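J.: When you line the sequence shown up against the working numbering, it's residues 27 to 305, in that order.
Even glycine gets a Cβ: it sits at the ideal position worked out from N, Cα and C.
All figures in this text were calculated on a predicted structure; none of them were measured in a lab.
Sharing a structure here in C-alpha cells format.
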Amino acid sequence: MTVGRREAVAAGAGLVLALAARPAAARTEESAEGSSSRRRTLFVAGDSTAAQKYADAAPETGWGMALPFFLHRGPTVANHAVNGRSTKSFLDEGRLEPIAAALRPGDVLLVQFGHNDSKSTDPTRYAAPWGAYQDNLRVFVETARARGAHPVIATSVERRRFDAAGTAQRSLGDYPAAARAVAAASGVPLLDIEALSLELWQRLGPEATKTYFNWTATEQDNTHFNPPGAIEVARLVARELLRTRVLAPHETRRLDDTVPTRWITWPAPSEAPAAPSAS
C-alpha cells in the first residue's frame, strides 16, 4: 500500500525515536561499518529540470545527469527525479518509498521541487507554498533522518525569463521562500539554486542563455536544459553541496573546469525504470 503524507510523517517519527533509543556507540559502529563497505549514495528527488532524459528527448538534459561529473571519491548519484512531478504527486505515486527502502546511514537525500507544485489548476500536483508544499518537504526530511541519512533542500532552478530591459526575472512565486523557511526551521542544509541560477542567467544575458536551454529548430523551451545548461546547473549544485559541507573537498572535482558536453549521453527509452506500484 502506498504510504500517504500523514502515514509517512508518523512512520518517520517512529523510526527517528527508534534510532535515538539505541546507544550512541551502537549507532556509530553501525554507521562506520556501513561506510567501510559501501560508498554512500546521493539520491535526487525532483522534477524534470533534474531528471534523467532518454534518447527520444535529446538534447533535453536534466542537471542530475551532469552531477556525477563533479563528484569524486564521494557519493554515487541515484537520480529519482521525474518529469512533471510536484512534492504532492511524487509522494502520492509512492516514489519516495523505493528511496526510503534504499537509504542507508550517511546517504544524502537532495530534494528540489516547486515548478509543478505551483500548477493551481491541477489538483493532482498543486501544493500551496505555505501549506502542503512545506508539509510535503518535511516528509522528505523526516524520512531521510529516520534512516540516518542527510536531507538537503534545494530551491528550484529558475526559468529563462527576461524583461524588455534584459533583466532576469523570477518566475517561481513563493516556493523558493517557502523552501528556505522549511530548511531553516528544520536545520537542513539549503542549496539556493533559484538565487544562483538567476544570477547566472543575468550574467549571461537574454541571447547567451538560449544556448543553455532546450532551444532547437522546433522548440523554444525556457524551462529545460540542453547539455551546457545542465552542466552549469549541476556545477552550482555541487558547489553548494561543498559550501554547506554536505560534501567534503575531496568528494568534489572539476568545479572550475570545463566539462565537455560530449560526456552527456541519453539511454534508450527501453532502459527507463518502471514506475513504482501504487498498490
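Measuring CB atoms only, is the region 244-254 touching the region 203-211, in the sense that at least three cross pairs come out at less than 8 Å?
T.: No: fewer than three Cβ pairs fall under 8 Å.
J.: CB residue 69 to CB residue 264, shorter than 7 Å?
T.: Contact flag unset, no.
J.: Please state the DSSP three-state secondary structure of residue 87.
T.: In the structure shown, residue 87 sits in a strand (DSSP, three-state: E or B).
J.: Find the nearest neighbour of residue 272 within the set 134, 171, 93, judged by alpha-carbon distance.
T.: Cα-wise, what sits closest to residue 272 is 134.
J.: Between the alpha carbons of residue 293 and residue 90, how many angstroms are there, rounded?
T.: Each residue's Cα considered, the two are about 14 Å apart.
J.: For residue 298, collect the residues of the same chain with a Cβ closer than 7 Å to its Cβ; drop the 5 residues on either side in sequence, then sort them by chain order.
T.: Result list for residue 298: 80, in chain order.
J.: Please state the DSSP three-state secondary structure of residue 177.
T.: If DSSP states are grouped into helix, strand and coil, residue 177 belongs with the strands.
J.: How should residue 73 be labelled, buried or exposed, when 16 other C-beta atoms within 10 angstroms of its C-beta is the threshold for buried?
T.: Buried is the call here.
J.: Does DSSP put residue 162 in a helix, in a strand, or in coil?
T.: The answer is helix: DSSP assigns residue 162 an H, G or I state.
J.: What is the DSSP secondary structure of residue 82, counted as helix, strand or coil?
T.: Residue 82: helix per DSSP, three-state reduction.
J.: Do the CB positions of residue 376 and residue 175 come within less than 7 Å of each other?
T.: Limits of the chain in this structure are 27 at one end and 305 at the other, which puts residue 376 out of reach.
J.: I'd like to check one pair, residue 169 with residue 126: are the Cβ atoms closer than 7 Å?
T.: It is a contact, given that the beta carbons lie within the stated cut-off.
J.: Hey, residue 171 and residue 235: beta-carbon distance below 7 Å or not?
T.: It is not a contact, given that the beta carbons lie outside the stated cut-off.
J.: Which first and last residues belong to the alpha helix (DSSP H) in which residue 255 is found?
T.: Run containing residue 255: 253-269, per the alpha helix (DSSP H) assignment.
J.: With DSSP as the reference, please indicate the residues paired to residue 194 in a beta bridge.
T.: Paired residue(s): 188.
J.: Are the CB atoms of residue 106 and residue 71 nearer to each other than 7 Å?
T.: Yes.
J.: How is residue 167 classed by DSSP in three states: helix, strand or coil?
T.: Note: residue 167 maps to helix in three-state DSSP.
J.: By DSSP's criteria, residue 97 is part of a beta bridge. Which residues make up the other side?
T.: According to DSSP, residue 97 bridges with 278.
J.: Buried or exposed: residue 113, going by 16 or more other Cβ atoms within 10 Å of its Cβ?
T.: Buried, because 16 or more other Cβ atoms sit within 10 Å of the Cβ of residue 113.
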